[in-house]
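Below is one structure; the comments refer to it alone.
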Amino acid sequence: MAEAVSDASETPCIWGVGTSRTIRAHWTLCELGVDYTWHDIIPRTETMEDPAFRAVSTRGKVPILVHRGRVIGESGAIALHLADHYRDHMALAPEPAGLDRAVFMDRYCFMLMELDAPLYIIRRHEGLADVYGESKVAAASAREYYQRQAGVASEWLEKTGFVFGESFSVADILLASCSAWAELVGVQPREAIARHLERAKTREAFALAAQRNFPPAALAMLAAQGKPPSDANA
Ligand SMILES: N[C@@H](CCC(=O)N[C@@H](CS)C(=O)NCC(=O)O)C(=O)O
Numbered sequence: 023m024a025e026a027v028s029d030a031s032e033t034p035c036i037w038g039v040g041t042s043r044t045i046r047a048h049w050t051l052c053e054l055g056v057d058y059t060w061h062d063i064i065p066r067t068e069t070m071e072d073p074a075f076r077a078v079s080t081r082g083k084v085p086i087l088v089h090r091g092r093v094i095g096e097s098g099a100i101a102l103h104l105a106d107h108y109r110d111h112m113a114l115a116p117e118p119a120g121l122d123r124a125v126f127m128d129r130y131c132f133m134l135m136e137l138d139a140p141l142y143i144i145r146r147h148e149g150l151a152d153v154y155g156e157s158k159v160a161a162a163s164a165r166e167y168y169q170r171q172a173g174v175a176s177e178w179l180e181k182t183g184f185v186f187g188e189s190f191s192v193a194d195i196l197l198a199s200c201s202a203w204a205e206l207v208g209v210q211p212r213e214a215i216a217r218h219l220e221r222a223k224t225r226e227a228f229a230l231a232a233q234r235n236f237p238p239a240a241l242a243m244l245a246a247q248g249k250p251p252s253d254a255n256a
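Going by this note's numbering, the sequence shown opens with residue 23, and the numbers climb by one from there.
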């Protein structure tokens with residue numbers, strides 16, 4: 023991955039639509055009310071071969087954020103960078119440094135490692151078995167593991183209904199995107215997690231992000247893979 027590109031624009035540019043990871047970037051920017059540009063690069067379509075995309079993404083993965091000449095390629099890092107950079111628009115994360123930020127980061131990293139990662143195991147060894155190899159055992163074990171770790175996340179929601187503190191944050195975007203993905207792969211949601219997702223989906227910024235993240239070509243790709251073409255596919 024290139025660390026810097028020639029586009030040093032202040033306007034953020036997102037490469038990628040159509041997945042639970044890409045919506046994190048769109049949703050964060052929509053919450054912040056920041057104008058941005060984006061490219062409809064859709065996994066497993068010829069759009070991924072676009073030379074301009076390949077020039078910014080040597081990983082060949084979406085999402086990618088290009089911002090002020092820098093390239094950021096992990097959805098969690100993108101959302102957090104945007105929250106920090108535009109915190110004067112809206113506080114979507116605790117102030118960098120400090121104990122609140124440390125506890126917030128504990129939950130944030132937990133979700134990436136303990137929720138997103140097992141979902142990706144299910145995805146790779148069921149939905150993308152032609153690429154990664156079929157493994158019913160790995161998928162079943164990842165489902166059971168996800169469910170256990172979702173129990174930890176549901177405890178965070180008990181007091182305020184948010185992942186951390188008294189207000190919506192990028193950690194809620196992370197959890198909601200994992201929860202919607204989990205539903206798609208047939209994990210029965212825990213009650214608190216289902217309620218959290220339903221509330222998150224009522225946000226205006228979610229509606230706008232879902233519209234941008236699921237253009238007709240992305241819905242067609244999802245339908246071709248047997249997934250419901252629904253905005254619930256966050
Ligand atoms: N950990 C990365 C995962 C990125 C990732 O695997 N993206 C998928 C779509 S959700 C992708 O680009 N797949 C295309 C491919 O592997 O060819 C993140 O959270 O951004």
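Glycine included, each C-beta is placed from N, C-alpha and C at the ideal position.
Of the residues the options, the one placed nearest residue i, counting alpha carbons only
{"i": "residue 180", "options": "235, 216 and 158", "result": "216"}
{"i": "residue 57", "options": "81, 108, 198 and 75", "result": "108"}
{"i": "residue 32", "options": "59, 42 and 46", "result": "59"}
{"i": "residue 100", "options": "82, 48, 168 and 63", "result": "48"}
{"i": "residue 81", "options": "227, 37, 148 and 192", "result": "37"}
{"i": "residue 231", "options": "70, 27 and 62", "result": "62"}
{"i": "residue 173", "options": "132, 208, 145 and 154", "result": "132"}
{"i": "residue 157", "options": "77, 143, 83 and 92", "result": "143"}
{"i": "residue 207", "options": "147, 190 and 72", "result": "147"}
{"i": "residue 153", "options": "168, 89, 65 and 235", "result": "65"}
Any non-hydrogen atom of ligand 1 within 7 Å of residue i CB
{"i": "residue 116", "result": "no"}
{"i": "residue 83", "result": "yes"}
{"i": "residue 65", "result": "yes"}
{"i": "residue 96", "result": "yes"}
{"i": "residue 92", "result": "no"}
{"i": "residue 234", "result": "no"}
{"i": "residue 41", "result": "yes"}
Environment of residue i [buried if 16+ CB atoms lie within 10 Å]
{"i": "residue 135", "result": "exposed"}
{"i": "residue 138", "result": "buried"}
{"i": "residue 53", "result": "buried"}
{"i": "residue 121", "result": "exposed"}
{"i": "residue 50", "result": "buried"}
{"i": "residue 74", "result": "exposed"}
{"i": "residue 159", "result": "exposed"}
{"i": "residue 224", "result": "exposed"}
{"i": "residue 23", "result": "Caution is warranted here: a pLDDT of 40 is assigned to residue 23, below 50, making its placement in the model unreliable, and the coordinate value is therefore given only provisionally. Answer is exposed; the Cβ neighbour count stays below 16."}
{"i": "residue 170", "result": "exposed"}
{"i": "residue 194", "result": "buried"}
Cβ contact check for the region 157-165 and the region 76-96: 3 or more pairs under 8 Å: no
Meets three-Cβ-pair contact criterion under 8 Å: the region 208-223 and the region 185-199: yes
Alpha helix (DSSP H) runs wholly inside the region 41-118, at least 4 long, in chain order: 44-54, 73-78 and 97-107
Entirely enclosed alpha helix (DSSP H) segments - the region 162-240, minimum 4 residues: 192-206, 213-223 and 226-235
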